[in-house]
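In our numbering, the protein residues as written are 7 to 211. Remarks on the structure that follows.
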């Protein structure tokens, strides 16, 4: 575990091997150069008929800086795109638009689900479509040997408070004022979240 509660200047690469985590507390400031990045290795499914459900812990690499009074002037998180994914050897993932092609990730099955109430609200995304921090997405496996495949998220780590705007559109089956509107979210940080605490903190919404 790398835990930071003050200031993290990231101008190189942090490789989070196995179960390693980068923990940034509420008082942590992150400042990066254009080359500052992390490698978050994540085991996923390889099967071309099974979905992986993700939330990216990184976005596109970007420079952030400090002002004269040492306050970050551009510490905002950046969007994730599928073309940031690598394999275990840090080779960029290849893509196909076909239903499946061994060794390639099919964009036919890459989707987000935002403010939806039915199957038809899955939104297809291409390799360059921006996915906001915290928004979940799905894709099927690459069909390589074994049941698992190591996907590597390479980019600027997300940091700070992340808010996602959701719209309640109701939907068939809403009961007693409880909406059927759904939204696929994902952990936007390069460390584990306490799922019970997350649900408690967001119970009012």
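C-beta atoms are modelled at their ideal positions from N, C-alpha and C, and glycine is treated no differently. Here the structure is a predicted model, which means the values were calculated and not measured.
Simplified DSSP state of residue i, which is helix, strand or coil
{"i": "residue 170", "result": "coil"}
{"i": "residue 120", "result": "coil"}
{"i": "residue 24", "result": "coil"}
{"i": "residue 96", "result": "coil"}
{"i": "residue 138", "result": "coil"}
{"i": "residue 38", "result": "strand"}
{"i": "residue 13", "result": "strand"}
{"i": "residue 143", "result": "strand"}
{"i": "residue 33", "result": "coil"}
{"i": "residue 19", "result": "strand"}
{"i": "residue 113", "result": "helix"}
{"i": "residue 80", "result": "Because residue 80 sits at a pLDDT of 47, beneath the cut-off of 50, its placement in the model cannot be relied upon, and the point is left open."}
CA nearest to the CA of residue i, picked from the options
{"i": "residue 35", "options": "159, 11, 138", "result": "11"}
{"i": "residue 138", "options": "62, 196, 58", "result": "62"}
{"i": "residue 215", "options": "208, 82, 116", "result": "As shown, the chain starts at 7 and ends at 211. That puts residue 215 outside it, with no answer to give."}
{"i": "residue 89", "options": "161, 26, 32", "result": "161"}
{"i": "residue 211", "options": "27, 184, 152, 132", "result": "184"}
{"i": "residue 213", "options": "23, 129, 28", "result": "Look at the range of the chain in this structure, 7 to 211, and you will see that residue 213 is not part of it."}
{"i": "residue 38", "options": "56, 25, 83, 57", "result": "83"}
{"i": "residue 102", "options": "7, 131, 41", "result": "131"}
{"i": "residue 134", "options": "100, 180, 106", "result": "100"}
{"i": "residue 155", "options": "93, 9, 25", "result": "93"}
{"i": "residue 32", "options": "104, 24, 9", "result": "9"}
Close beta carbons around residue i, own chain, < 7 Å, minus the five adjacent residues each side
{"i": "residue 157", "result": "48, 50, 91"}
{"i": "residue 179", "result": "186"}
Own chain partners of residue i with C-beta closer than 8 Å, once the 5 adjacent residues on each side are dropped
{"i": "residue 192", "result": "59, 60, 61, 62, 140, 141, 142, 143"}
{"i": "residue 64", "result": "43, 44, 46, 86, 90, 159, 160, 161, 162, 163, 164, 196"}
{"i": "residue 194", "result": "61, 62, 63, 83, 139, 140, 164, 168"}
{"i": "residue 150", "result": "52, 108, 109"}
{"i": "residue 153", "result": "51, 52, 53"}
Any non-hydrogen atom of the ligand FAD closer than 6 Å to residue i Cβ
{"i": "residue 120", "result": "This structure simply doesn't include the ligand FAD, nor any ligand for that matter."}
Cβ neighbours of residue i in the same chain (closer than 6 Å, five flanking residues each side left out)
{"i": "residue 128", "result": "117, 119"}
{"i": "residue 13", "result": "35"}
The stretch 11–24 touching the stretch 122–129, judged by at least three CB pairs closer than 8 Å: A contact is defined here as three or more CB-CB pairs under 8 Å, and the stretch 11–24 fails this definition with respect to the stretch 122–129.
Segment contact, 8 Å Cβ cut-off, at least three pairs: the stretch 169–185 with the stretch 62–72: Flag = no, the stretch 169–185 and the stretch 62–72 do not touch.
Runs of alpha helix (DSSP H) wholly within the stretch 147–209 (minimum 4 residues, chain order): The stretch 147–209 contains these whole alpha helix (DSSP H) runs: 201–207.
Cβ pair count under 8 Å reaching 3, the stretch 143–150 against the stretch 107–118: With a cut-off of 8 Å on Cβ pairs, the stretch 143–150 is in contact with the stretch 107–118, counting three or more such pairs.
Contiguous beta strand (DSSP E) assignments of at least 3 residues, all confined to the stretch 42–71: Taking only runs of at least 3 residues, the beta strand (DSSP E) segments lying wholly in the stretch 42–71 are 43–51, 57–61.
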